[in-house]
DNA sequence: AAGATGACGCCCG
DNA sequence: CCGGGCGCCATCT
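Residue numbers (my numbering): 70 to 173.
See the structure below:
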């Protein structure tokens, strides 16, 4: 599970973002958003900054949160008040249900 | 085996 | 928009 989640995170292209729940589902573990968090906290070498909360919210608190915004902005992701426009930057994982998609 | 721990998500007031 | 409460679930004490 751990590897599948990380592999999924690594698939998010630069300039795009995905939600914790979205990654979990795309990895094959719907509802396992918390495991995505666990994986990101644990693993290294993954584009963790491209994973955000539902609705495009930045959930990472403190310094790390600021770094995340910085990194995203650097990749061309617009951020408005701790928010990312998912319809604009949400990554669409392939082979995923329409109702979900990336914006989901 | 039981309880605690999250970068969560969703609903309600 | 902001809290608060509850469900979730692998992993770790």
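C-beta atoms are modelled at their ideal positions from N, C-alpha and C, and glycine is treated no differently.
{"Query": "Cα-Cα separation between residue 129 and residue 88, rounded to whole angstroms", "Result": "12 Å"}
{"Query": "Rounded straight-line distance, which links the Cα of residue 70 to that of residue 145", "Result": "30 Å"}
{"Query": "Buried versus exposed, by CB contacts within 10 Å (16 or more), residue 175", "Result": "Only positions 70 to 173 of the chain appear in the structure, and residue 175 is not among them; the question remains open."}
{"Query": "DSSP state of residue 103 mapped onto helix, strand, coil", "Result": "helix"}
{"Query": "With 16 other Cβ atoms within 10 Å as the buried cut-off, status of residue 94", "Result": "buried"}
{"Query": "Cα-Cα separation between residue 161 and residue 110, rounded to whole angstroms", "Result": "23 Å"}
{"Query": "4 or more residues per run - each alpha helix (DSSP H) lying fully within the segment 92-167", "Result": "102-111, 131-143, 155-158"}
{"Query": "C-beta atoms of residue 83 and residue 159 nearer than 9 Å", "Result": "no"}
{"Query": "Alpha-carbon spacing of residue 114 relative to residue 75, whole angstroms", "Result": "9 Å"}
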